[in-house]
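Here the sequence shown is numbered in my numbering, starting from 469 and rising by one per residue. Glycine included, each C-beta is placed from N, C-alpha and C at the ideal position.
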Amino acid sequence: MPRPNARKWRAVLVGLVVSAVSIFVLARRVDGHALVHAFATASIPILSLCLLTRAVAFVCMAMRSRVLFRRFGDWSLPLFLRAHLIGFGGNVVLPFRLGELLRVRELSRGSGVSAASCLGETVVERALDSLWLLVLVITLPWLVALDLHLSTSLWLIFAAILCALALSAWLGSRPRSLLPLIRRIGRWLGPRAQSWLEGATEGLVHGLSVIGSPTRFLLGSLWTLAYWASSAVSVAIWLWAFGLHLPWYAAPTVVAFLALGAALPAAPGYIGTYDLFAVSGLALFGVGPTEATAVAITGHFVSTVPATLVALLLFFRPIASGYSTGDELPTESIRNPN
Numbered sequence: 469m470p471r472p473n474a475r476k477w478r479a480v481l482v483g484l485v486v487s488a489v490s491i492f493v494l495a496r497r498v499d500g501h502a503l504v505h506a507f508a509t510a511s512i513p514i515l516s517l518c519l520l521t522r523a524v525a526f527v528c529m530a531m532r533s534r535v536l537f538r539r540f541g542d543w544s545l546p547l548f549l550r551a552h553l554i555g556f557g558g559n560v561v562l563p564f565r566l567g568e569l570l571r572v573r574e575l576s577r578g579s580g581v582s583a584a585s586c587l588g589e590t591v592v593e594r595a596l597d598s599l600w601l602l603v604l605v606i607t608l609p610w611l612v613a614l615d616l617h618l619s620t621s622l623w624l625i626f627a628a629i630l631c632a633l634a635l636s637a638w639l640g641s642r643p644r645s646l647l648p649l650i651r652r653i654g655r656w657l658g659p660r661a662q663s664w665l666e667g668a669t670e671g672l673v674h675g676l677s678v679i680g681s682p683t684r685f686l687l688g689s690l691w692t693l694a695y696w697a698s699s700a701v702s703v704a705i706w707l708w709a710f711g712l713h714l715p716w717y718a719a720p721t722v723v724a725f726l727a728l729g730a731a732l733p734a735a736p737g738y739i740g741t742y743d744l745f746a747v748s749g750l751a752l753f754g755v756g757p758t759e760a761t762a763v764a765i766t767g768h769f770v771s772t773v774p775a776t777l778v779a780l781l782l783f784f785r786p787i788a789s790g791y792s793t794g795d796e797l798p799t800e801s802i803r804n805p806n
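Written out as structure tokens, the structure is:
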């Protein structure tokens with residue numbers, strides 16, 4: 469049986485290979501001179517708006533963490549914002565997604581809550597992200613296929629969001645009720661698909677069961693929705709900066725592609741895979757490979773580099789005191805609740 473270190477380095481090698489193949493596929497599709505010209509068409513003032521939308525996205529993630537963390541106590545927003553930025557920067561520059569561990573460390577140091585409890589909070593957040601990504605993936609094909617008018621589409625999305633919020637509240641009170649349904653669906657997909665689906669659902673149910681409060685679940689879902697919406701606005705700004713006039717649902721479609729691509733092993737910073745999946749999403753709307761590659765690379769840069777620079781500054785700056793709002797539980801009672 470391979471040792472843990474061997475498995476880790478094997479995962480790094482697989483990620484590097486996947487990124488290299490993605491870059492190769494992109495390079496074969498584009499002409500270098502045309503790509504440089506496509507970059508030159510981008511509007512820098514418009515692209516700078518992405519700094520605002522990315523800031524909003526991080527605030528949404530931090531607010532979600534603060535809501536979910538209230539089962540331990542109440543801490544101010546800067547603690548969670550710092551932790552998310554450092555975690556994001558760590559995922560960009562380090563292998564093995566070590567940014568998640570850096571985020572856990574920052575939360576634990578700033579709050580006094582045990583690292584294991586902080587890690588459980590990240591599991592909950594991944595469960596909420598998976599739930600809303602599922603809503604996105606289910607809703608978008610209908611919008612693309614039917615090409616509905618904006619007003620009709622908005623009503624459809626509004627109905628989907630209400631259904632998802634109702635499902636969130638229901639799952640928040642009885643998360644294990646999802647398992648029998650998934651098992652029935654899995655029987656039609658074959659043994660291997662059934663095993664994978666049940667395993668993924670078990671992880672989702674475990675994350676949801678940690679929340680313990682339907683109200684907290686609902687608030688966490690709303691902040692998750694706000695995060696995904698701000699990500700879609702960022703992609704819409706990329707398209708606007710390059711003068712692309714696509715249907716309004718092109719941006720959330722690209723976001724869904726990017727989220728699915730992030731699940732693949734890749735080099736640090738999602739080099740190659742991020743761009744390939746963005747290009748694939750834009751291809752659905754008739755954007756040529758050269759222009760789509762320029763949009764993807766530019767969007768990748770503005771979405772990662774500024775936030776990573778801020779993360780590095782925060783990482784080398786000592787953690788600030790005064791995060792507490794005075795309502796948190798004693799640390800020992802958190803670590804030993806019984």
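Item, Value
"Complete alpha helix (DSSP H) runs within the segment 547-619 (minimum length 4 residues, chain order)", "567-579, 583-614"
"Contact under 9 Å by Cβ, residue 751 with residue 763", "no"
"Every unbroken alpha helix (DSSP H) within the segment 710-798, with a cutoff of 4 residues, ordered by chain", "718-730, 741-751, 757-783"
"Beta-carbon proximity check, residue 535 vs residue 776, cutoff 9 Å", "no"
"Backbone secondary structure at residue 511 - three-state DSSP", "coil"
"The segment 540-549 in contact with the segment 579-589 per 3-pair CB rule at 8 Å", "yes"
"For residue 730 and residue 524, the rounded distance between their alpha carbons", "20 Å"
"Alpha-carbon to alpha-carbon, residue 692 and residue 532", "7 Å"
"Residue 550 classed as buried or exposed, judged by whether at least 16 other C-beta atoms fall within 10 angstroms", "buried"
"Residue 738 versus residue 758 - alpha carbon distance", "20 Å"
"Under the three-state DSSP convention, the category residue 498 falls into", "coil"
"Helix, strand or coil at residue 516 according to DSSP, with G and I counted as helix", "coil"
"C-alpha distance - residue 704 paired with residue 719, whole-angstrom precision", "5 Å"
"Sub-9 Å separation of residue 520 and residue 766 beta-carbons", "no"
"Reference residue 694, options 512, 740, 529, 513, closest by Cα", "529"
"Cβ separation of residue 487 and residue 740, assumed to be a contact under 8 Å, to the nearest whole Å", "4 Å"
"Through-space distance from residue 481 to residue 755, alpha-carbon basis", "32 Å"
"Length of the line joining the Cα atoms of residue 590 and residue 489", "30 Å"
"Option nearest residue 697 by Cα separation, candidates 601, 505, 714, 569", "601"
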